[in-house]
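Heads up: the structure comes next, in structure tokens.
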Amino acid sequence: MLAMAARGTASGSTAVVVGVLLVCAFLHAGVAESAEFTVGDGGGWSVNAGSWPNGKRFKGRDVLVFNYDPTAHDVVAVSAEGYRACAAPSGAKVYKSGADRVTLALGPNYFISSVPGDCQAGMKITVTAAKQGRIGGAS
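See below:
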């Protein structure tokens, strides 16, 4: 009888340890590291950056780094409509440092340059951030 009680306690302790390990693994998976991406890679934020997101995996809280000449361009976070129309509505978030860091929200994130002619020439990107990362973005 004593052997059975000892075995039950050992089984209970093992179950607790396994449970704690599972909780730790679950919490670690939920707090995945964010990644940092330089928009346009070596070419930076330019009229050639439109296809840059294609084939890349983005997730919420990843950071986009926009490198550009601040005397010639800017970066504006816009809605889908602002993206399609190449128009930055009043109150839109405008970045002007030339080395801007933008944290992605889940879902589609739209960016344009509001300098006249830039967006129309292709200086705009869409980056879609998923919970676990997905391929893509379309310009």
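Those letters in the sequence shown? Residues -34 to -1, 1 to 105, per mature numbering (1 follows the signal peptide of the UniProt record, and there is no 0), in order. Every residue, glycine too, gets a C-beta built ideally from N, C-alpha and C.
- According to DSSP, glycine 73 shares a beta bridge with Ala95.
- The beta carbon of valine 29 sits closer than 8 Å to those of Ser(-1), Ala1, Glu2, Phe3, Arg67, Val68, Thr69, Leu70, all from its chain and outside the five residues before and after it, given in chain order.
- Counting along the chain, tyrosine 49 sits inside the alpha helix (DSSP H) bounded by residues 46 to 51.
- In this structure, tryptophan 11 places its C-beta atom within 8 Å of the C-beta atom of phenylalanine 32.
- Taking the C-beta atoms as reference points, alanine 54 is found nearer than 8 Å to isoleucine 78.
- Of all alpha-carbon atoms in Gly26, Asn14, Asp40, Trp18, the one lying nearest the alpha-carbon of proline 74 is that of Gly26.
- About 6 Å separates the Cβ atoms of aspartate 35 and glycine 64, confirming a contact at the 8 Å cut-off.
- Beta-bridge partners of threonine 4 (DSSP): Val31.
- Here alanine 38 has Val81 as same chain residues with Cβ atoms under 8 Å from its own Cβ, once five neighbours each way along the sequence are excluded.
- Under DSSP, aspartate 66 forms a beta bridge with Phe32.
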